[in-house]
Amino acid sequence: MSKITHSRQVRERLSTGVKGFDEIIGGGIPRGFFVAVVGEPGTGKTIFCIHFIGEGIKQGDKNIYVTTEESRESIIKQAYQLGLDFESAINRNQLIVIDALMGRRDDPWSLDVLDVETMVNKIIEAKRHLGFGRARLVIDSMSAFWLDKPAMARKYSYYIKKVLYRWDFTALLTSQYAVTTSLGFGFGIEHVADGIIRFRKIIVKGELKRYVLVEKMRQTNHSNRMYEIEIKTGSGMIVKGPTIYRREDVALPSTVTTRMILSELQKILESTEPENTD
Ligand SMILES: Nc1ncnc2c1ncn2[C@@H]1O[C@H](COP(=O)(O)OP(=O)(O)O)[C@@H](O)[C@H]1O
Ligand SMILES: [Mg+2]
Numbered sequence: 003m004s005k006i007t008h009s010r011q012v013r014e015r016l017s018t019g020v021k022g023f024d025e026i027i028g029g030g031i032p033r034g035f036f037v038a039v040v041g042e043p044g045t046g047k048t049i050f051c052i053h054f055i056g057e058g059i060k061q062g063d064k065n066i067y068v069t070t071e072e073s074r075e076s077i078i079k080q081a082y083q084l085g086l087d088f089e090s091a092i093n094r095n096q097l098i099v100i101d102a103l104m105g106r107r108d109d110p111w112s113l114d115v116l117d118v119e120t121m122v123n124k125i126i127e128a129k130r131h132l133g134f135g136r137a138r139l140v141i142d143s144m145s146a147f148w149l150d151k152p153a154m155a156r157k158y159s160y161y162i163k164k165v166l167y168r169w170d171f172t173a174l175l176t177s178q179y180a181v182t183t184s185l186g187f188g189f190g191i192e193h194v195a196d197g198i199i200r201f202r203k204i205i206v207k208g209e210l211k212r213y214v215l216v217e218k219m220r221q222t223n224h225s226n227r228m229y230e231i232e233i234k235t236g237s238g239m240i241v242k243g244p245t246i247y248r249r250e251d252v253a254l255p256s257t258v259t260t261r262m263i264l265s266e267l268q269k270i271l272e273s274t275e276p277e278n279t280d
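Mapped onto our numbering, the consecutive letters of the sequence shown carry residue numbers 3 to 280.
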């Protein structure tokens, strides 16, 4: 294929399954992209990922969901509440949920050690098991793999992308690390990601509200606005209209941000301290 045809090619996009979201990113996530889904706990990252896999099931894709913070049962239950039947997809061999929380010997799709290489190998094994074809991958969350060694986050992320790139995955990788650092000082996957979707929560007049903002999506003229989202039993997550808030309005005060950055730096320094050789 010549270079010119390649650059003119329209990239295939995968629907996220979240009502109102695809429109923000020009129709969906470009096939083959590795997208970071970041935000504090309880902002909706897992729900978003479950929708993405649910849509994959509907479209006949192969689907792999790695869960590190909840058990497989919990993910299946959560999906069921959103009207998505993960159990039959598993039985039809269209979905494999790799349980990295409850490592059990009698369960071939669990991880007995929380280690990046073990996980990557298990994902490849799962993909082989599901067979050829367009595939969706969720790793929820990546933070668990470098909790005790934040300095490795970037290296691991790079490794994951490099190895899994060849397997026709379009992937969502969640992380709670990049908390509101408006200075753009993120840790880990953001550096290698083709896209960054950030979820936020704020309290407005005594009520918790959730928002989503696309911070980056390569090859895409995406919206730069922040959108309010809603999560409901049955229908799940939907994107409502853009907000009147600007990004700055919900950023943490700079003193807080600075303190967070200093504490992250401290962790990195501690984990890279040279060993005492005498
Ligand atoms: N069935 C449901 N109906 C209504 N809201 C729900 C339902 N399930 C989850 N939620 C909302 O979603 C939130 C959790 O979102 P989640 O995606 O797990 O967050 P994160 O993964 O970012 O920590 C819950 O706190 C709750 O408010
Ligand atoms: Mg979660």
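No residue lacks a Cβ here, since even glycine has one placed at the ideal position from N, Cα and C.
Please read these numbers as outputs of a predicted model, since none were measured by experiment.
Per-residue DSSP class, three states only, for residue i
| i | result |
| --- | --- |
| proline 32 | strand |
| lysine 60 | helix |
| valine 206 | strand |
| phenylalanine 171 | strand |
| leucine 113 | coil |
| methionine 144 | coil |
| alanine 195 | coil |
| alanine 81 | helix |
| glycine 186 | At glycine 186 the pLDDT is 35, less than 50, meaning the model places this residue with poor confidence; the figure from the coordinates comes in the next sentence. If DSSP states are grouped into helix, strand and coil, glycine 186 belongs with coil. |
| methionine 239 | strand |
| arginine 107 | coil |
| isoleucine 246 | coil |
| alanine 155 | helix |
| phenylalanine 54 | helix |
| valine 39 | strand |
| valine 12 | coil |
| alanine 102 | coil |
| phenylalanine 23 | coil |
| leucine 264 | helix |
| threonine 123 | Contrary to the premise, residue 123 reads as asparagine rather than threonine in this sequence. In this structure, asparagine 123 counts as helix in the three-state DSSP scheme. |
| serine 17 | coil |
| glycine 217 | The sequence given here has glutamate at residue 217, not glycine. Three-state result, glutamate 217: strand. |
| glycine 93 | As written in the sequence, residue 93 is asparagine, which differs from the glycine given in the question. Helix, per DSSP. |
| glutamate 272 | helix |
| leucine 139 | strand |
Given residue i as reference, the closest of the options once Cα atoms are compared
| i | options | result |
| --- | --- | --- |
| arginine 212 | Asp142, Lys124 and Gly243 | Gly243 |
| glutamine 11 | Pro32, Lys60, His193 and Val140 | Pro32 |
| isoleucine 246 | Gly30, Ile233, Ile55 and Asn226 | Asn226 |
| methionine 121 | Phe147, Asp108, Asp109 and Gly197 | Phe147 |
| alanine 38 | Lys207, Ile26 and Phe201 | Phe201 |
| arginine 156 | Ala173, Asp170, Arg261 and Ser177 | Ser177 |
| isoleucine 191 | Asp170, Ile204, Val206 and Leu174 | Leu174 |
| valine 20 | Phe35, Thr48 and Val40 | Thr48 |
| aspartate 142 | Ile205, Lys203 and Gly41 | Gly41 |
| glycine 56 | Leu166, Glu72, Thr70 and Ile78 | Ile78 |
| leucine 149 | Phe171, Leu116 and Tyr167 | Leu116 |
| glycine 62 | Phe35, Asn95, Glu209 and Glu89 | Asn95 |
| phenylalanine 88 | Lys60, Glu72 and Glu209 | Lys60 |
| glutamine 80 | Asn93, Trp169, Asp109 and Phe50 | Phe50 |
| glutamate 71 | Lys207, Met144, Arg261 and Glu209 | Met144 |
| phenylalanine 36 | Ala91, Lys207 and Leu166 | Leu166 |
| glutamate 127 | Val206, Trp169 and Ser90 | Trp169 |
Spatial neighbours of residue i in its chain, beta-carbon cut-off 6 angstroms, leaving aside the 5 residues before and after
| i | result |
| --- | --- |
| tyrosine 229 | Val214, Val241 and Pro244 |
| arginine 74 | Val99 and Asp101 |
| glycine 29 | Arg15 |
| valine 194 | Ser159, Tyr160 and Lys163 |
| leucine 132 | Lys64 |
| glutamate 119 | none |
| tryptophan 111 | Ile98 and Ile100 |
| phenylalanine 171 | Ala137 and Leu139 |
Sequence-distant residues of the same chain with beta carbon closer than 7 angstroms to residue i, five excluded per side
| i | result |
| --- | --- |
| lysine 164 | none |
| glutamine 83 | Thr235 |
| glutamine 221 | Arg13 and Pro32 |
| serine 124 | Reading the sequence as shown, one finds lysine at residue 124 and not serine. Contacts found: Ile100 and Leu113. |
| phenylalanine 23 | Val241 |
| glycine 44 | Lys203 |
| leucine 210 | Lys203 |
Whole-Å CB distance - residue i paired with residue j, under 8 angstroms assumed
| i | j | result |
| --- | --- | --- |
| methionine 219 | isoleucine 27 | 5 angstroms |
| isoleucine 233 | glycine 46 | 6 angstroms |
| valine 140 | valine 216 | Actually they are not in contact, since the Cβ atoms of valine 140 and valine 216 sit about 18 angstroms apart, beyond 8 angstroms. |
| lysine 151 | isoleucine 66 | Lysine 151 to isoleucine 66, Cβ: 25 angstroms. No contact. |
Sequence-distant residues of the same chain with beta carbon closer than 8 angstroms to residue i, five excluded per side
| i | result |
| --- | --- |
| proline 237 | Correcting the residue type first, residue 237 is serine in the shown sequence and not proline. Lys21, Leu84 and Gly85, listed in sequence order. |
| asparagine 223 | Gly28 |
| histidine 53 | Thr18, Gly19, Val20, Leu84, Leu86, Gly238 and Met239 |
| glycine 186 | Only weak support is given to the placement of glycine 186: the predicted model assigns it a pLDDT of 35, under 50, and the value that follows is read from those uncertain coordinates. Excluding sequence neighbours, glycine 186 sits near nothing in its chain. |
| alanine 91 | Ile59, Asn65 and Leu97 |
| serine 265 | none |
| query | Is there contact here, the region 134-143 with the region 104-118, by at least three beta-carbon pairs under 8 angstroms? | reply | no
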